Amino acid sequence: MDLHRKLAILADAAKYDASCATNGGVKRTSRGTPGIGSVTGTGICHSFTPDGRCVSLLKVLLTNYCIYDCLYCVNRVSSDVPRARFTPEEVVQLTLDFYRRNYIEGLFLSSGIVKSPDYTMEQLVAVARKLRVEHEFRGYIHLKTIVEASSGLIEEATRYADRVSINMELPTSADLQRLAPEKNEARIRASMGEIRQHIDTAAEERRKHKSAPPFAAASQSTQLIVGATEASDHTLLQTSSTLYRDYKLSRVYYSAFSPIPHASSKLPLAPPPLMREHRLYQADWLMRYYGFEATELTEPRAPNLDLRMDPKLAWALRNLHLFPVNVNTAPRHMLLRVPGFGVRNVDRILQSRRWHSVRLHDLVRLKVPMHKALPFIETSDYTPRAQELEHVERLKARFVRGDEQIDLFGAPALKVG
Amino acid sequence: MQQVRFEPTFEGWRNAARESLARGLPPEALSWVELTSPQSALDLTSANESHKAAATSSQFRIPRTYIEIAKTVALHSSPRRWALLYHVLWRLTHGESKLLEVPVDPDVIELMQLESAVKKDAYRMRAFVRFRGTRLGEEPWFVAWYEPEHDTLALNQKFFAERFANMRWSILTPARCMHWDGTVITFSPGARKVHAPAGDGVEQLWVEYYSHIFNPARIKPAAMQAQLLKRNWKNLPEAAVIEPLLREAPRRTAAMIARSEFLRVRETDYGLAQPPVGADLQELRSAAAGCRACPLWKTATCTVFGEGPRDAHIVLVGEQPGDGEDRAGKPFVGPAGQVLNDALAQAGIDRRVLYVTNAVKHFKFEPRGKRRMHMTPAQQEIAACRPWLEAELRLLEPSLIVALGATAARSILQTPVRVTQERGRVLKSEFGSTLVTLHPSALLRLPPDKDFRAELDAFVADLRKVRAAA
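These protein sequence lines are chains L and S, in that order.
Positions in the first sequence are counted from 1; adding 1056 to them yields the working numbering.
If you count the second sequence from 1, position 346 lands on 329 in the working numbering, and the numbers rise without skipping.
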């Protein structure tokens, strides 16, 4: 099989992995070394594909042969997709050739399980080792970890990669059991814990010694599939928040379950729920940067996020008693909860506040979406009418109008990275 | 209105601004005129005068952050930038020294916008420069053609030198070119697109990769174009395929869904096969002929039940009937059956004393043209069919079961089995000893690096163990 065909098959097989991020590696350059590559700390998107996603890495599978039968996966053993297999040398060469032409920041390598988890993991590590040791490659490497592989191999992976990830895919043990019989939640969590240890140790080393090795995993991430099972947004966000807390994951990716070729009949055959995915990313963002708890974002009687409005606005409408917020006196954590106020604008407001009191036109200049913020704020020259905050339904109707039917499955503009 | 003529670089503007500031000229009294050639700048102010001006301007305290912002803003292509820079400088030095800390001030907002446009343009260059491989004498040389919106080439010299340290490279732009020989950066006058080399084989691989890494079921052209500006397209090799990919995406998705729809069966379509209690082999066979436990019966020709003597000591279990078996109604009569017969003969085993059956008793396939292409049975089909296999094994009580391939092994042992690892080993199942080996059809689909002869020998070696174990 020629290289073109292999690349086509193994890129196709990798495209359901949402992650392509390249931020958060250990900064380094290749100046003064015989090698090539650098990591600047902030990722670069070298291209964008028609699905609006960033292309930052050469994202391929080493092979899409797999002995597992995870029903949501296009590469599962019982699927009839065309199969191919790269040699480690081929992946190394492709990575270097693409890197030299400035197409990519580095490599994101994953694999179907062939022969055994250890054998597969050994192959993945071999590619990273060749790049780092033989070619002194100093660009970015993200390795997908095979959960069942032995500790020694996982440890070696964290020495060469900037990021390692284990895809949890399904948020509950029961879902895993039903759709991914070979996966085991406890095992996944144990591996994540192990990886966190390696990351922490490496960070400690770097803090103490300047001569600490320049390559060492600095972060780990995972992916959850949305819409393949009945799991609610509440469950998904709850799972994410424990993952962020217990394993210090830098990202949880949400991937709208998209019909795959050769799909199993246990799965929905519907367009991917892109709007739901979008709302989950927004909610995730609120948990990480806006001080929201997972439990605040949904309600027991409505465990899914409202698709018609962003989760912060939905939260504000459920908590009208906390509004209006005085822009000139409120503390930072409360300003962050105002619909339409982003982190950057909150900081600008706080800075401006030291010199003069903030008025409505200042917010307009900062390009705050006023229609969204107005009912919830007070400035030195503006107070919302009292009855506005008393009629939740009327207020809600301002944001969700009948003539403004949004396409719930349509494509929201979303930066994934 | 007084004209200030200056060389349009940060340094040129700074000298002129210093002097204007020293003379106490307010922003509204000035008009900024860019000089096209650098020499003419000398005509305007005598060396003496500018020296005096510099001395005066040192009385003004100018925040360091302003200088940093001004250096960046000077690279912007807007002719308005000089007047804006002076306007902000004037305010900073006339009672508003903290001006930059007021992010809602309209002048500050405009200044920041220009700064961020330049930074974004520099970022785009780091992202969208595409090198092409060529040679300079014997040495590999990587050359890119790029058209920045602002004067951001030099801003990126550190980035490219630190990243592509061991490469000889050049970035050509209309205004200037930047070169790296492995040690130092040099600049030369501007070039044209024709000076850059043509794409090579790697570029084709890149376009191939780009075409396959996106999901046609979730296209978002607006999201893409918000990031990949149309004006960048002309210098990106992958941009040539964007339009065709967008055009084809809906058709590809529809075709995929239609195909899945065809193969799709609802979970409720699956039951469990119900073998009659206390039936003998013949009765089982007739009952299985009408089995509707899974939907495979709809497309298959007939049920292919097991075959062999009632007193067989050894039972061979395959995956499912193939095209030939489905037509003949007998197990292992097609190409895989040929391989099996061959191997059995070499192992010295008489097939007539064996009972031969399959884990799934209907043929699962996908029509492709006039052909019926084999498809691996799904878990549900294996589970639905298992009661038949169970009934056969309970009745025959063989001393050894041979599981041919992963499907058979999974069905008998009720757990995923890695055949490549377990082959040749005798495992315990609820029905007794079970020898695991390959399915003979695996020998018909060997990857090119495997030798058929050697693989067949290994298969025969596994089968020889049957005699020892039985």
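Cβ atoms here follow ideal geometry from the backbone N, Cα and C, with glycine treated the same way.
Model, not experiment: these values are computed from the prediction.
In three-state terms, what does DSSP make of Glu145(S)?
-> helix
Any beta-carbon of chain L closer than 8 Å to the one on Arg201(S)?
-> yes
Could you confirm whether any beta carbon from chain L is found closer than 8 Å to the beta carbon of His70(S)?
-> no
Is Cys1129(L) close to chain S, meaning its C-beta is less than 8 Å from at least one C-beta of that chain?
-> no
At a CB-CB cut-off below 7 Å, which residues of chain S make contact with Gln1407(L)?
-> Glu84 and Pro86
Count the CB pairs spanning the segment 374 to 382 of chain S and the segment 252 to 271 of chain S that are closer than 8 Å, and state whether there are at least three.
-> yes
Does DSSP put Asn215(S) in a helix, a strand or coil?
-> helix
Cut-off 7 Å between Cβ atoms - residues of its own chain near Trp189(S), not counting five sequence neighbours on either side | Pro220 and Glu221
Counting contacts by CB-CB distance shorter than 8 Å, is Lys81(S) in contact with chain L?
-> yes
Taking C-alpha atoms, which residue in Ser1311(L), His1417(L), Ile1433(L) and Val1133(L) lies nearest to Asn198(S)?
-> Ser1311(L)
Where do the ends of the alpha helix (DSSP H) carrying Met462(S) lie?
-> Only positions -16 to 453 of chain S appear in the structure, and residue 462(S) is not among them; the question remains open.
Give me the Cβ distance between Ala330(S) and Val443(S), rounded to the nearest whole Å; I'm assuming they're in contact under 8 Å.
-> 5 Å
Please go through the same chain and pick out, in chain order, the residues whose beta-carbon is closer than 8 Å to the beta-carbon of Trp216(S), but skip the five residues on each side of it.
-> Ala222 and Ile225
CB of Lys203(S) within 8 Å of CB of Trp1411(L), strictly | no
Got a sec: is the Cβ-Cβ distance from Leu1363(L) to anything in chain S below 8 Å?
-> no
Below 7 Å CB to CB, which residues in the same chain sit around Gly312(S) once its five sequence neighbours on both sides are set aside?
-> Cys285 and Val287
Whole-Å CB distance - Leu1330(L) paired with Leu1361(L), under 8 Å assumed = Between Leu1361(L) and Leu1330(L) the Cβ distance is about 13 Å, and since that is not below 8 Å, they are no contact.
Which two residues bound the contiguous beta strand (DSSP E) that contains Pro1173(L)?
-> Run containing Pro1173(L): none in the beta strand (DSSP E); it sits in the alpha helix (DSSP H), Pro1173 to Arg1185.
Decide yes or no for the touch test of the segment 1136 to 1146 of chain L against the segment 1188 to 1206 of chain L: beta carbon pairs closer than 8 Å, at least 3 of them.
-> no
Which residues mark the beginning and the end of the beta strand (DSSP E) in which His357(S) is found?
-> Arg354 to His357
So is Phe346(S) in contact with chain L if we call contact Cβ pairs under 8 Å?
-> no
Within 8 Å of chain C by C-beta, residues of the segment 1142 to 1165 of chain L in sequence order = Absence of chain C from the displayed structure is noted, the protein chains being L and S.
Residues in its own chain within less than 7 Å of Arg310(S) by CB, not counting five upstream and five downstream?
-> Thr284
Check each residue of the segment 1185 to 1207 of chain L: if its Cβ is closer than 7 Å to any Cβ of chain S, include it; give the result in chain order.
-> none
Where Trp189(S) meets chain L, residues with beta-carbon distance less than 8 Å = Phe1154, Arg1157 and Tyr1159
Mapping DSSP to helix, strand and coil, what is Gln1276(L)?
-> strand
With 16 other Cβ atoms within 10 Å as the buried cut-off, status of Gly388(S) | buried
Please check if any C-beta of chain L sits within less than 8 Å of the C-beta of Asn149(S).
-> yes
Starting from Met161(S), find everything on chain L with Cβ-Cβ shorter than 9 Å and list it in chain order.
-> Neighbours of Met161(S) on chain L: none; closest Cβ ~14 Å, over 9 Å.
Contact check, Ser1314(L) vs Arg234(S), beta carbons under 8 Å = no
Using a Cβ cut-off of 8 Å (strictly closer), state whether Ala1230(L) contacts chain S.
-> no
Select from Tyr338(S), Asp306(S), Gln321(S) and Cys274(S) the residue whose C-alpha is nearest the C-alpha of Ala295(S).
-> Tyr338(S)
Are the beta-carbon atoms of Leu1113(L) and Thr1085(L) separated by less than 8 Å?
-> no
Going by DSSP, which residues form a beta bridge with Cys1110(L)?
-> Phe1104(L)
Against chain S: residues of the segment 1409 to 1441 of chain L by CB proximity under 7 Å | Trp1411, Asp1418, Arg1421 and Leu1422
Continuous beta strand (DSSP E) stretch holding Pro172(S): start and end | Ile168 to Pro172
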